[in-house]
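Step one of this worksheet: look at the structure below.
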Amino acid sequence: MQEIKIYNTLTGKKEIFKPITKGFIGMYVCGPTVYSNVHLGNVRTFMSFDMIYRYFLHLGYKVRYVRNITDAGHLTEEEDVFLAKSKVEKLEPMEIVQKYTVDFHEVLRQYNFLSPSIEPTATGHIVEQIEAIQTIIENGMAYVVNGSVYFDVLKYNEKENYGILSKRIIEDAIENTRALDGQSDKKNPQDFALWKRADPEHIQRWNSPWSDGFPGWHLECTVMSTKYLGEQFDIHGGGMDLKFPHHECEIAQAQVCNHKAPVNYWMHTNMLNLNGKKMSKSTGNYVNPSDIYTGDNAILSKAFVPSVVRFSMLQAHYSSVLDLTNDALLSAEKGHNRLMEALNNLSNLEVNNSSSIDVASWKQKCYNAMNDDFNTPILIAHLFEGVKFINLIKEGKETISQSDYEVLKTVMNEFTFDVLGLLNISENNNNNDKLAGVVEMLIEMRKQAKENKNYALSDEIRDKLLEKGIQLKDGRDGTTFS
Ligand code: AMP
Ligand code: ZN
0 MQEIKIYNTL TGKKEIFKPI TKGFIGMYVC GPTVYSNVHL GNVRTFMSFD
50 MIYRYFLHLG YKVRYVRNIT DAGHLTEEED VFLAKSKVEK LEPMEIVQKY
100 TVDFHEVLRQ YNFLSPSIEP TATGHIVEQI EAIQTIIENG MAYVVNGSVY
150 FDVLKYNEKE NYGILSKRII EDAIENTRAL DGQSDKKNPQ DFALWKRADP
200 EHIQRWNSPW SDGFPGWHLE CTVMSTKYLG EQFDIHGGGM DLKFPHHECE
250 IAQAQVCNHK APVNYWMHTN MLNLNGKKMS KSTGNYVNPS DIYTGDNAIL
300 SKAFVPSVVR FSMLQAHYSS VLDLTNDALL SAEKGHNRLM EALNNLSNLE
350 VNNSSSIDVA SWKQKCYNAM NDDFNTPILI AHLFEGVKFI NLIKEGKETI
400 SQSDYEVLKT VMNEFTFDVL GLLNISENNN NNDKLAGVVE MLIEMRKQAK
450 ENKNYALSDE IRDKLLEKGI QLKDGRDGTT FS
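The sequence shown stops at residue 481 when you use numbering that gives the first Met the number 0, and every number in between is there.
Given below as structure tokens:
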């Protein structure tokens, strides 16, 4: 098995990765809060872990990859996003959850993600969360006020280190926080909610020993990660912005419940920026994943296939900030197409008795890149060295033996498709052709419906296509679509 180094946020060092059980890996990644559509920034974080998952599988590890769905609770301690959204959209909270979970899965499908092994939901683990709160109270690290339960951060910090992950010094935090305004039940501003009593208008609520209410937003990940991966597991991931307080709180909760540190390697991915600022729903500075393949966004000069976005994102290391720009996508498209063209040529290469190129050391360089904390930009540079080999062999300027040819073919294909998760553009084009054929068929059916005065059906076809991002335009020469 290849030796992999991983940058561990917990220690601040790149470390040789040693799984708890040889050959097996337990990995937990914080999933989306399904109260709105995911944006491309979210996609970047999930894509980084998809690539990491893919590489582990490629190396032959047996991986249990758990990525949750947050379908209860709130973004801040003051606001419940599901309640706020249900008022605006006049939907049941679980209708909101369903709508955006379906949307999330559709985005993942478009961007060629592998499914995690388990995708647990917060609402499916209320009983376990109540049990965890009971344990934390019994162990003296939580207190109950007016039906809500809070984790006592200062008490925890007397024996443990609250700040072990984020490297924050709690004493500094105390100095810099405003005093509580008297509205809060908390003893200290640093304390966080494990259980919140629900106000009367609150729809998502569960019975508990303390009140009718709902769990605090950090608890679900502690409960679900340890339930499926054990009290101590290998890797926990998420975006940088979750390091504090979310992951810091996860460590504290798990430590109190199980008397051990829950995670050996904490991995944090960096942000996708737009216009120099973090992509984010709340500031309105974001691009929808579907805008990419419709081209329907002011920053885009054209539509791109999702595989080009994958290529563009993986050209940056997961730990560096990346800016989404039209120029970056245009140049990624060129690189992506050049790679695919070379892969298409690979099957027709002429084989010789001997090789003039060193395929074995090139192969090892590809692995070395990935073994060095999943360095996909370096891997892609080596794949382009492979592209150069292919082109030179094709032009008769280099030679390759049968056995080296097999290695070149396997490494190029496996890294491009299995590890980076790219899709061959011609496959995409093929799918686009098929899609165009289906839309033409629907346009014809709509025309017939109109001729039969079945306007309900003709409108339904138009509206359903629009929901999928396909707009029909009726003109003098018939109907076109974009
Ligand atoms: P959320 O649904 O807000 O909890 O976000 C889901 C995941 O996306 C988390 O791991 C976040 O850290 C990550 N994320 C949010 N915004 C960005 C961004 N602009 N770039 C990369 N990852 C992000
Ligand atoms: Zn989480």
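Beta carbons: idealized from backbone N, C-alpha and C, even for Gly.
Taken from the Cβ of residue 241, at least one heavy atom of ligand 1 lies inside 7 Å.
Apart from sequence neighbours up to five positions away, the residues of its chain that approach residue 411 with a beta-carbon distance below 7 Å are 342, 345, 382 and 385, ordered along the chain. When the alpha-carbon of residue 417 is set against those of 13, 49, 9 and 37, the nearest one is in 49.
Going by DSSP, residue 41 is part of the alpha helix (DSSP H) stretching over 39-58. Residue pairing from DSSP places residue 14 in a beta bridge opposite 5.
A straight-line Cα-Cα distance of about 13 Å links residue 223 and residue 214. Contact between the stretch 193-205 and the stretch 221-239 is absent: fewer than three C-beta pairs spanning the two stretches fall below 8 Å. A Cβ-Cβ contact shorter than 8 Å links residue 242 with residue 267. Residue 314 sits away from residue 159, with the two beta carbons spaced by 8 Å or more. Between residue 468 and residue 24, the alpha-carbon positions lie close to 39 Å from each other. Only residues of its own chain outside the window of five on either side were considered, and among them 341 have a CB closer than 7 Å to the CB of residue 390, listed in chain order. Under the three-state reduction of DSSP, residue 119 is assigned to coil, being neither helix nor strand.
Measuring C-alpha to C-alpha distances from residue 15 to each of 403, 423 and 371 identifies 371 as the nearest. In the three-state reduction of the DSSP assignment, residue 194 falls in the strand class.
Straight-line measurement puts the Cα of residue 130 at about 51 Å from the Cα of residue 332.
At least one heavy atom of ligand 1 lies less than 7 Å from the C-beta of residue 237. Within 10 angstroms of the beta-carbon of residue 171 lie fewer than 16 other beta-carbons, which makes it exposed. Residue side-chain check: residue 43 places its Cβ nearer than 7 Å to a non-hydrogen atom of ligand 1. When the beta-carbon positions are compared, residue 81 and residue 203 come within less than 8 Å of each other.
Nearest to residue 7 by C-alpha distance, out of 373, 422, 476 and 106, is 373. Set against 7 Å, the gap from the CB of residue 420 to the closest heavy atom of ligand 1 is not smaller.
The C-beta distance from residue 325 to residue 19 rounds to 45 Å, too long to fall under 8 Å, and the pair is not in contact.
For residue 106, the uninterrupted alpha helix (DSSP H) run begins and ends at 92-109, by DSSP. Approximately 15 Å separates the beta-carbon atoms of residue 234 and residue 369; this is outside 8 Å, ruling out the contact. The secondary-structure analysis by DSSP pairs residue 479 across a beta bridge with 472. The beta carbon of residue 364 sits closer than 7 Å to the beta carbons of 381 from its chain, once the five residues preceding and following it are set aside; these are given in chain order.
Residue ranges of uninterrupted alpha helix (DSSP H) with 4 or more members, entirely inside the stretch 340-374 and ordered along the chain, are 358-370. Ligand 2 has a heavy atom closer than 7 Å to the beta-carbon of residue 245. Counting of Cβ neighbours within 10 angstroms places residue 145 among the exposed residues, the total staying below 16. No heavy atom of ligand 1 is found nearer than 7 Å to the CB of residue 221.
Annotated three-state conformation of residue 410 is helix, per DSSP. Residue 66 is a Cβ neighbour of residue 28, given a cutoff of 8 Å. Taken in chain order, the complete beta strand (DSSP E) segments of 3 or more residues contained in the stretch 256-343 are 262-268 and 271-273. The Cβ atoms of residue 5 and residue 17 lie no closer than 8 Å to each other. Counted as a single uninterrupted DSSP element, the alpha helix (DSSP H) harbouring residue 86 occupies residues 80-88. Counted as a single uninterrupted DSSP element, the beta strand (DSSP E) harbouring residue 142 occupies residues 141-144.
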